[in-house]
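In order, the protein sequence lines correspond to chains A and B.
For the first sequence, our numbering gives the first residue as 1, with consecutive numbering after it.
For the second sequence, our numbering gives the first residue as 1, with consecutive numbering after it.
Where is the CB? At the ideal position from N, CA and C, for every residue including glycine.
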Amino acid sequence: MTCKDAIAILADYLESALSPELIEKLEEHLRDCAPCRAYLATYRKTKSLAADAARVEMPEEMKTRLREFLLAQLRERR
Amino acid sequence: MSRHSGRVYRLAYGITRNQADAEEIVQDVFLTLVRKGAGFEGHAALTSWMYRVTTNVALNKRRGKRRELEVSLEEHLPTYLEDGHRAGDRSYLLADWSSTPEQTHLSAEARKILENAIDGLPDHYRAVLILRDVEELSNEEVAAIVDDSLGSVKSRLHRARMVLREQLTRRLGTRS
Numbered sequence: 001m002t003c004k005d006a007i008a009i010l011a012d013y014l015e016s017a018l019s020p021e022l023i024e025k026l027e028e029h030l031r032d033c034a035p036c037r038a039y040l041a042t043y044r045k046t047k048s049l050a051a052d053a054a055r056v057e058m059p060e061e062m063k064t065r066l067r068e069f070l071l072a073q074l075r076e077r078r
Numbered sequence: 001m002s003r004h005s006g007r008v009y010r011l012a013y014g015i016t017r018n019q020a021d022a023e024e025i026v027q028d029v030f031l032t033l034v035r036k037g038a039g040f041e042g043h044a045a046l047t048s049w050m051y052r053v054t055t056n057v058a059l060n061k062r063r064g065k066r067r068e069l070e071v072s073l074e075e076h077l078p079t080y081l082e083d084g085h086r087a088g089d090r091s092y093l094l095a096d097w098s099s100t101p102e103q104t105h106l107s108a109e110a111r112k113i114l115e116n117a118i119d120g121l122p123d124h125y126r127a128v129l130i131l132r133d134v135e136e137l138s139n140e141e142v143a144a145i146v147d148d149s150l151g152s153v154k155s156r157l158h159r160a161r162m163v164l165r166e167q168l169t170r171r172l173g174t175r176s
């Protein structure tokens, strides 16, 4: 397995979506390839950091405005 | 309602990267919901409808906007030698910032880098990234929401993560 092959299947590896044979080949490659080990570690970390960065909360004042907006819409419909 | 509106807002903001646009989308989605009434068979159908409508409206809103901010994906993907091994400076290839203490939690600097990097992703890549890594939906669910093939969803997700990883590595990698 080359680095190109290894990096192409990292997402499936993290999701445990690879066949046992491919996992064995990938892990064998990772044992011998420090750059790919670094790539996997930083790829995995990026996934969790990006999720944290993008996990935004709806501002409270916006929730209030949404409630008022919907109540006004419901009143109009009656 | 609060849980659903939070979810819709997170996705709408994640795709549009604009609070005012996200607020408008949340109002549109809930207004449609009020008009539709109780036409859903169960919670899963409602959630799936909300994700689909929010994604479509947010992508439509983004159409033609802020293209100048988009990064070149190719410039941020790994490069290889003819034999399939990584190309590039070895110390850079070995850079592993994943376990440095300041990256254990999201530092202000890493957050800024990531926010800019997420901003710079093409819209359809960002949508898939948010649906998968933030909303934690399956590839199959995301494919149904964005109305695309499973292969395309997986490819966009992997490329989006690689682009973000590269930008973090360029800024943080050489310090570890």
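Taking the alpha-carbon positions, what's the A/Cys36 to A/Pro59 distance? Taking the first residue of the first sequence as 1, we reach residue 36 of chain A at position 36. Taking the first residue of the first sequence as 1, we reach residue 59 of chain A at position 59. Answer to the nearest angstrom: the Cα atoms are 40 angstroms apart.
Less than 8 angstroms between the C-beta atoms of B/His76 and B/Val163, yes or no? Looking up residue 76 of chain B in the second sequence gives position 76. Looking up residue 163 of chain B in the second sequence gives position 163. Yes; because the gap between Cβ atoms is below 8 angstroms, this pair is in contact.
A/Arg65 - partner residues in DSSP beta bridges: Along the first sequence, one-based indexing puts residue 65 of chain A at 65. Answer is none; A/Arg65 lacks a bridge partner.
Is there contact between the stretch 49-60 of chain B and the stretch 10-17 of chain B, where contact requires at least three CB pairs shorter than 8 angstroms? yes
Where do the ends of the alpha helix (DSSP H) carrying A/Cys36 lie? On the first sequence, residue 36 of chain A is found 36 positions in, with the first residue counted as 1. A/Cys36 -> alpha helix (DSSP H) spans Ala34 to Ala54.
By the three-class DSSP mapping on this structure, what secondary structure does B/Arg86 have? Against the second sequence, residue 86 of chain B aligns to sequence position 86. Correct three-state label for B/Arg86: strand.
Buried or exposed: A/Ala17, going by 16 or more other Cβ atoms within 10 Å of its Cβ? The sequence position of residue 17 of chain A within the first sequence is 17, counting from 1. It is exposed - the Cβ of A/Ala17 has fewer than 16 other Cβ atoms within 10 Å.
Per DSSP, which one or two residues make a beta bridge with B/Tyr80? Reading the second sequence from its first residue, position 80 is the one you call residue 80 of chain B. Looking at the DSSP assignment, B/Tyr80 forms a beta bridge with B/Arg86.
Counting only beta-carbon separations shorter than 8 angstroms, does A/Arg31 have a partner in chain B? In the first sequence, residue 31 of chain A corresponds to position 31, counting from 1. Not one chain B Cβ lies under 8 angstroms of A/Arg31.
In terms of residues, what are the limits of the alpha helix (DSSP H) holding B/Lys65? Your numbering for residue 65 of chain B matches position 65 in the second sequence. Taken as a continuous stretch (DSSP letters only), B/Lys65 belongs to no alpha helix (DSSP H), as it is neither H nor E.
Roughly how many angstroms lie between the CA atoms of B/His4 and B/Leu106, to the nearest whole one? One-based indexing of the second sequence puts residue 4 of chain B at position 4. One-based indexing of the second sequence puts residue 106 of chain B at position 106. Looking at the two C-alpha atoms, the distance is approximately 26 angstroms.
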